[in-house]
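Okay, so here's the structure we're looking at.
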Amino acid sequence: MKRLLLATLLSVAGLNANAIVLTFDDINELYPGLEHEPIPTPYHGFQFNDPSHWINTVDSPYNYGAHSGKFTLFNLFGGPIAVMMQDRSDFTLGGLWAQTWDKQADRTGFIRGYQDEVLVFSSRVDLTSSFRYFSGYTGKLDSLVLDFGDHFLVDDLELTGPSVAAIPEPGSLALLGLGLAGFAAARGRRRVRQA
852 MKRLLLATLL SVAGLNANAI VLTFDDINEL YPGLEHEPIP TPYHGFQFND
902 PSHWINTVDS PYNYGAHSGK FTLFNLFGGP IAVMMQDRSD FTLGGLWAQT
952 WDKQADRTGF IRGYQDEVLV FSSRVDLTSS FRYFSGYTGK LDSLVLDFGD
1002 HFLVDDLELT GPSVAAIPEP GSLALLGLGL AGFAAARGRR RVRQA
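If you use the working numbering, the sequence shown corresponds to residues 852 to 1046, in order.
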């Protein structure tokens, strides 16, 4: 019975988390023909601070590339980019791709995560003029700060939260499958015992 209860809890917990990869390519549909604009709020349930813009880094004079698609996140006026859920709920950071702007010199920056205004995660990142992947933090955050210096690009930002409008992450589906397998196993044992 304990195993059945554990399997049920795991499958229910897995259903509450949704993951999304923010590519910033879908924003162009809101602003056809423009090369950059502020990130709309909310954007897939998240809000970004003022220096946060989307920008076409493939088919524009700012041809610095993208990790995927044509658009990236850019801190237009320099300074850190802050991200939080529109409803202020908790989320996790899977990872992101980042590089310097306009082939600028390599530099060091930080990914910082906060919970109730307390720093709970800090990771040093070494940016270059090519996109590099930086892993995230699986603990709960209520705000994320990308402090990579003056001008930088971010693409394929992986976020998970309860109110993200996206498909369930593969791990959640695996947990659901594990829970269903647990139900089946427990039911099979019950039938054997009764026979």
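By construction, the Cβ of each residue, glycine as well, lies at the ideal position given by its N, Cα and C atoms. In this text the structure is predicted, and so the values were computed from the model without any measurement.
In whole angstroms, what separates the C-alpha of residue i from that of residue j?
{"i": "D1006", "j": "S919", "result": "7 Å"}
{"i": "F928", "j": "T874", "result": "21 Å"}
{"i": "G960", "j": "V934", "result": "16 Å"}
{"i": "G924", "j": "V971", "result": "This sequence places Leu at residue 924; Gly is not what is there. Near 24 Å, if we compare the C-alpha coordinates of V971 and L924."}
{"i": "T943", "j": "L1004", "result": "20 Å"}
{"i": "D876", "j": "L1008", "result": "12 Å"}
{"i": "Q898", "j": "S974", "result": "22 Å"}
{"i": "Q937", "j": "E880", "result": "21 Å"}
{"i": "W952", "j": "Y915", "result": "7 Å"}
{"i": "G1012", "j": "N900", "result": "19 Å"}
{"i": "R958", "j": "G930", "result": "14 Å"}
{"i": "F982", "j": "K991", "result": "26 Å"}
Ordered along the chain, which non-local residues of its own chain (more than five positions away) have a Cβ less than 8 Å from that of residue i?
{"i": "E886", "result": "I906, N907, S911, P912 and Y913"}
Could you give the DSSP three-state label for residue i: helix, strand or coil?
{"i": "D877", "result": "helix"}
{"i": "T908", "result": "coil"}
{"i": "A870", "result": "strand"}
{"i": "N914", "result": "coil"}
{"i": "Q898", "result": "strand"}
{"i": "P889", "result": "strand"}
{"i": "S919", "result": "coil"}
{"i": "L944", "result": "strand"}
{"i": "D1007", "result": "strand"}
{"i": "F928", "result": "coil"}
Closer than 6 Å by C-beta to residue i: which residues in its own chain qualify, once you throw out the five before and the five after it? Chain order, please.
{"i": "I932", "result": "S903, N926 and L997"}
Relative to the ligand NAP, is the shortest distance from any of its heavy atoms to the C-beta of residue i smaller than 7 Å?
{"i": "F922", "result": "The model on display carries no ligand, and the ligand NAP is accordingly not part of it."}
Below 7 Å CB to CB, which residues in the same chain sit around residue i once its five sequence neighbours on both sides are set aside?
{"i": "P889", "result": "S903 and H904"}
{"i": "P891", "result": "I878 and L881"}
Just checking, does the region 948 to 968 make contact with the region 991 to 999 on the three C-beta pairs under 8 Å criterion? yes
Contact between the region 943 to 963 and the region 975 to 991 (3+ Cβ pairs under 8 Å): yes
Minimum length 4: unbroken alpha helix (DSSP H) runs contained in the region 951 to 1001: none
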